[in-house]
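> The numbering of the sequence shown is our numbering, which starts it at 6 and goes up by one.
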Amino acid sequence: MSATPESAGNAAAWTTQAERSNASALRIMRWIAVTLGRRLTRLLLHPITLYFLLAGGPAMHASVDYLRRVLGREPGWRDRYGHVHHFAATILDRVYLLRGDFDLFQIDAVGTDNLDDVLRAGRGAFLLGGHLGSFEALRAVGVQRGGASVAMLMYEQNAQLLMHMLRALAPDAVLRIIGLGRMEAMLELRDWLDAGGVAGLLADRTLLGPVPAAATGRSRTHWIDFLGQPAAFSDGPFRLAALLRRPVVFMTGLYLGGNRYQVHFVPLADFSDPVGPAGGFKRAPSDAAIEAALRCYVGLLEQHCREAPRNWFNFFDFWAGNPGPQDATHARHDSQ
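What follows is the structure, encoded as structure tokens:
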């Protein structure tokens, strides 16, 4: 995660972008935020927003491209300013949310019954979000509802970057991270879910699949219509949930301005029943079932983008590499 918008040549190349924020800058940011308080520190967001708008660059070009798609018109100055300001505001609020200062915010939750129903079974669940709004708002909802145990899933390199950021922004914050790509990660994840924990994953960026090829075969990159043009989405997170036989719930924490957030939970798929009729083992979920869940996820992303367009924080060309209409359904994507 970065404290500044990133850009990349295509939807996979974001993984090679250098981390623009550094520990010293983040510690200064934390000191200012804690010393001045949220109300005064928020005043600094305006010059920061103006700087990025005036500096331009690939990230701002990507912002304009996205706004043009989601709004259906050419974005004006207010649209562009609001998009970057929303991003900066959620980065600042991350300091307070990670510190547990939940009383500073008004956080409403929609669809919590959907999550409660899944967790009541005691087998845990996958919680799939995206770079849409604030994942940290989930922490406040978890505390308000008795403290759901949430572990973030991410690749080792990204996990290390996040841990550096956490130590700088909120050194006392406790956040469980399971680093994918290690041999023991699958066992660690399975045990976490078996204990009733929630595994959170941001699934809107194309990655090398988190599921070992030997376990489930190859994950696939599907080109799915998103805001009027096919974009690349990996089904790897859904194959991981299917492998471990767990339910999947969509989550997003939309920033509504001021101190207001709205967290949404929507069921996506349930791969949790390993037993079929007459006590026999149920067949593994089909590719069609996995793709259907992925398409439902993309549809929810689009729905929430249109409802709260300033919350989309993928500052790179999300539609780059489009294979064209002749092959806009899916392409093979090797797991490694």
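We put the CB at the ideal spot given by N, CA and C, even for glycine.
1) According to DSSP, what are the bridge partners of residue 266?
2) Can at least three beta-carbon pairs, one atom from the region 90 to 98 and one from the region 226 to 237, be found at a separation below 8 angstroms?
3) I think residue 199 touches residue 129, with their Cβ atoms under 8 angstroms apart; what is that distance to the nearest whole Å?
4) Is it a yes or a no for the region 134 to 142 touching the region 300 to 313, going by three-plus beta-carbon pairs under 8 angstroms?
5) Three Cβ pairs or more, each shorter than 8 angstroms: is that satisfied between the region 103 to 117 and the region 241 to 253?
6) Should residue 261 and residue 309 be called a contact, given that it needs their Cβ atoms to be closer than 8 angstroms?
7) Check whether the Cβ atoms of residue 70 and residue 322 lie closer than 8 angstroms to each other.
8) Count the other C-beta atoms from every protein chain shown that fall within 10 angstroms of the C-beta of residue 227, then say buried if there are 16 or more, exposed otherwise.
9) Any idea if residue 52 is buried or exposed, counting beta-carbon neighbours within 10 angstroms, 16 or more meaning buried?
10) Just reading off the alpha helix (DSSP H) that residue 139 is part of, what are its end residues?
11) Rounded to the nearest angstrom, what separates residue 210 and residue 239 at their Cα positions?
12) With distances taken Cα to Cα, identify the nearest neighbour of residue 230 among 272, 274, 182, 299.
13) Within 10 angstroms of its Cβ, does residue 36 collect 16 or more other Cβ (buried), or is it exposed?
14) So which of 274, 306, 256 has the shortest CA-CA distance to residue 133?
15) Would residue 144 be called buried (16 or more neighbouring beta carbons within 10 Å of its own) or exposed?
16) Give the range of the alpha helix (DSSP H) segment to which residue 184 is assigned.
17) How far does the beta strand (DSSP E) with residue 228 in it reach, from first residue to last?
18) For residue 82, count neighbouring C-beta atoms within 10 Å of its own C-beta (all shown protein chains included) and say buried if the count is 16 or more, exposed if not.
19) By the 10 Å Cβ neighbour count, where 16 or more other Cβ atoms means buried, how is residue 60 classified, buried or exposed?
20) Apply the 10 Å Cβ neighbour rule to residue 159 and answer buried if 16 or more other Cβ atoms are within range, or exposed otherwise.
21) Taking buried to mean at least 16 other C-beta atoms within 10 Å of its own C-beta, is residue 54 buried or exposed?
22) Assuming residue 72 contacts residue 80 (C-beta within less than 8 angstroms), just tell me the rounded distance between them.
23) Can you list, in chain order, the residues of its chain whose CB lies under 8 angstroms from that of residue 220, leaving out five sequence neighbours each side?
24) Let me check understanding here. Comparing Cα to Cα, which of 42, 92, 84 lies closest to residue 109?
25) Would you identify the three-state DSSP class for residue 156, choosing helix, strand or coil?
26) Please tell me whether residue 306 and residue 271 are closer than 8 angstroms, where the distance is taken between their beta carbons.
27) Would you tell me roughly how many angstroms separate the C-alpha atoms of residue 40 and residue 195, rounded to the nearest one?
28) Taking the straight line between their C-alpha atoms, what separation do you get for residue 107 and residue 266?
29) Please indicate yes or no: does the CB of residue 53 lie closer than 7 angstroms to some heavy atom of the ligand NAD?
30) Note down, in chain order, each residue of its chain lying with its Cβ closer than 6 angstroms to the Cβ of residue 127, except the 5 sequence neighbours on either side.
31) May I ask which residues mark the beginning and end of the alpha helix (DSSP H) holding residue 68?
Taking the structure as given:
1) Residue numbering aside, residue 266 sits at position 261 when the sequence shown is read from its first letter. For residue 266, which the question treats as bridged, DSSP gives the partners 112, 260.
2) no
3) Here residue 199 corresponds to residue number 194 of the sequence shown, with the count starting at 1. Here residue 129 corresponds to residue number 124 of the sequence shown, with the count starting at 1. That belief holds up - the Cβ atoms of residue 199 and residue 129 are roughly 7 angstroms apart, short of 8 angstroms.
4) yes
5) no
6) Taking the first residue of the sequence shown as 1, we reach residue 261 at position 256. Taking the first residue of the sequence shown as 1, we reach residue 309 at position 304. Not a contact, by the Cβ cut-off of 8 angstroms.
7) Position 65 of the sequence shown, counting from 1, holds the residue named residue 70. Position 317 of the sequence shown, counting from 1, holds the residue named residue 322. For residue 70 and residue 322, yes; Cβs fall inside 8 angstroms.
8) For the purposes of this step, residue 227 is taken as residue 222 along the sequence shown, with counting starting at 1. Buried, because 16 or more other Cβ atoms sit within 10 Å of the Cβ of residue 227.
9) Position 47 of the sequence shown, counted from the start, is the residue given in the question as residue 52. Result: exposed.
10) Locating residue 139 in the sequence shown gives position 134, counting from the first residue. Premise fails: residue 139 is in no alpha helix (DSSP H) and is neither H nor E.
11) Translated into the one-based positions of the sequence shown, residue 210 becomes position 205. Translated into the one-based positions of the sequence shown, residue 239 becomes position 234. When rounded, the distance between both Cα atoms is 8 angstroms.
12) Locating residue 230 in the sequence shown gives position 225, counting from the first residue. The candidate whose alpha carbon is nearest that of residue 230 is 299.
13) For the purposes of this step, residue 36 is taken as residue 31 along the sequence shown, with counting starting at 1. By the 10 Å Cβ count, residue 36 comes out exposed.
14) In the sequence shown, counting from the first residue as 1, residue 133 sits at position 128. Closest option to residue 133, Cα to Cα, is 256.
15) Sequence index remark: in the sequence shown, residue 144 carries index 139 (1-based). Residue 144 is buried by the Cβ-count criterion.
16) As a working mapping, residue 184 is identified with position 179 in the sequence shown. Careful: residue 184 lies outside any alpha helix (DSSP H), inside the beta strand (DSSP E) at 181 to 185.
17) Along the sequence shown, read from residue 1 onward, the residue named residue 228 stands at position 223. Run containing residue 228: 225 to 231, per the beta strand (DSSP E) assignment.
18) Reading the sequence shown from its first residue, position 77 is the one you call residue 82. Label assigned to residue 82: exposed.
19) Working through the sequence shown from its first residue, we reach residue 60 at position 55. Residue 60 is exposed by the Cβ-count criterion.
20) As a working mapping, residue 159 is identified with position 154 in the sequence shown. So residue 159 ends up on the buried side.
21) Counted from its first residue, the sequence shown places residue 54 at position 49. Buried.
22) As a working mapping, residue 72 is identified with position 67 in the sequence shown. As a working mapping, residue 80 is identified with position 75 in the sequence shown. Yes, they are in contact, since the Cβ atoms of residue 72 and residue 80 sit about 4 angstroms apart, within 8 angstroms.
23) As a position in the sequence shown, residue 220 is number 215, starting the count at 1. Here the model assigns residue 220 a pLDDT of 41, short of 50, so the residue's position is not dependable and the matter cannot be decided.
24) Here residue 109 corresponds to residue number 104 of the sequence shown, with the count starting at 1. Among 42, 92, 84, the Cα nearest to that of residue 109 belongs to 42.
25) For the purposes of this step, residue 156 is identified with residue 151 of the sequence shown, where counting begins at 1. Note: residue 156 maps to strand in three-state DSSP.
26) Stepping through the sequence shown from its first residue, residue 306 is reached at position 301. Stepping through the sequence shown from its first residue, residue 271 is reached at position 266. Not a contact, by the Cβ cut-off of 8 angstroms.
27) The residue you call residue 40 lines up with position 35 of the sequence shown. The residue you call residue 195 lines up with position 190 of the sequence shown. Using only the alpha carbons, I get a separation of about 41 angstroms.
28) Translated into positions along the sequence shown, residue 107 becomes position 102. Translated into positions along the sequence shown, residue 266 becomes position 261. Looking at the two C-alpha atoms, the distance is approximately 11 angstroms.
29) The ligand NAD is absent from the structure shown, which contains no ligand whatsoever.
30) Start at 1 with the first residue of the sequence shown, and residue 127 comes out as number 122. Once the five neighbours on either side are set aside, the close Cβ partners of residue 127 are 201.
31) Taking the sequence shown and counting its residues from 1, one reaches residue 68 at position 63. Per DSSP, residue 68 belongs to the alpha helix (DSSP H) from 63 to 76.
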